[in-house]
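These notes are about the structure you will find just below.
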Amino acid sequence: VVQGPRHDEL
Amino acid sequence: VVADLSHLLSIFILLHKMYLTKSCAGISFKSQALYLLVYVTRYLDLFWTFNKSHYNSVLKIVFISASAYTLYLMKNEYRPTHDPNIDTFKSRYLLAGAAVLAIIFPYKYTPAELLWTFSIWLESVAILPQLFMVQRTGEAETITTHYLFALGIYRALYIPNWLWRYFVKGYTDPIAVLAGLVQTALYCDFFYIYWTKVMKGKKFELP
């Protein structure tokens, strides 16, 4: 699983 | 963006309800306190990601401050209208469950990641004291149900975005997705009654 950028969601 | 705005709207509906009725009757203090804990533990990253997205940073500050202000109002101005006798859900189990999941399955063992994971799981169940309270009284003021709907639909609206990210961008965030699905599932029967009763102008009453 490739994890996405963390801090673009609230 | 629609999800975040729905989240924002829910907070303003809640404050509006309290101003309008000069009361916090029907609102679970426990759920509100859990949400403040969720925002504080998740948005600690404001200190090092503030400049990455001003949109996110502004909303984080709004969520923390509006949540703290809501608790302040419930503890002071509107304190006499809160009935602790019907707000009796044992929130310590929610805190313990979120803490255990954060300790067992974080992405990384760093303080910020552990707190982030804790906040994601805690958010997924933070509404339970509120839903429990509605279930105990068997009914809710219409404006309270609008608040619950706006708050519930926000995480559901993240789901299409997660699918888009998975299929188009090729990445995913299993903890956020799983917790988001749990969070949305907890609202299912509320959504059903909201849709079949409140949207048709009827009072929110449990069968």
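These protein sequences, in sequence, are chains X and A.
Under my numbering, the first residue of the first sequence carries the number 1, and numbering increases by one thereafter.
Under my numbering, the first residue of the second sequence carries the number 1001, and numbering increases by one thereafter.
In this text, a Cβ means the ideal position worked out from N, Cα and C, and glycines have one as well.
Secondary structure of A1025 (chain A) (DSSP, three-state): coil. With 16 or more other CB atoms across the displayed protein chains lying within 10 angstroms of its CB, T1144 (chain A) is buried.
With fewer than 16 other beta carbons inside 10 angstroms of its own, T1088 (chain A) counts as exposed.
Residue environment: G1201 (chain A) is assigned as exposed (fewer than 16 neighbouring CB atoms within 10 Å of its CB, all protein chains considered). By the C-beta density criterion, T1110 (chain A) is exposed, having fewer than 16 other C-beta atoms within 10 angstroms. For K1108 (chain A), no CB of chain X lies under 8 angstroms from its own CB, so it is not counted at the interface with that chain. By the CB criterion at 8 angstroms, F1204 (chain A) and K1197 (chain A) fall inside the cutoff. Contact holds between the stretch 1029-1038 of chain A and the stretch 1106-1125 of chain A, because three or more Cβ pairs, one in each stretch, are under 8 angstroms apart.
According to DSSP, E1205 (chain A) shares a beta bridge with A:E1139.
Interface annotation for the stretch 1044-1059 of chain A against chain X: D1045, T1049, K1052, S1053, N1056 and L1059, criterion Cβ-Cβ distance under 8 angstroms. By the Cβ neighbour-count rule, R1165 (chain A) is buried, with 16 or more other Cβ atoms within 10 Å of its own. Secondary structure at T1088 (chain A): coil, using DSSP grouped into helix, strand and coil. Between I1061 (chain A) and A1150 (chain A) the beta-carbon gap is near 20 angstroms, outside 8 angstroms, which marks them as no contact. In chain order, I1120, W1121 and S1124 place their CB closer than 6 angstroms to the CB of A1179 (chain A), counting only its own chain and leaving out the 5 sequence neighbours on each side. Excluding the 5 residues flanking it on each side, L1009 (chain A) has same chain C-beta neighbours closer than 8 angstroms at A1150, in chain order.
Under the three-state reduction of DSSP, T1110 (chain A) is assigned to coil, being neither helix nor strand.
With a cut-off of 8 angstroms on Cβ pairs, the stretch 1074-1087 of chain A is not in contact with the stretch 1097-1113 of chain A, counting fewer than three such pairs. With respect to M1074 (chain A), F1132 (chain A) sits apart: the two C-beta atoms are not nearer than 8 angstroms. Within 8 angstroms of the CB of D1004 (chain A), the CB atoms of chain X belong to L10, in sequence order along the chain. M1018 (chain A) and C1024 (chain A) have their C-alpha atoms some 5 angstroms from each other. For Y1154 (chain A) against H1016 (chain A), the beta-carbon gap comes to about 17 angstroms, at or over 8 angstroms, which does not count as contact. Scanning A:D1045, A:A1068, A:G1170 and A:L1206 for the CA closest to the CA of G1138 (chain A) turns up A:L1206.
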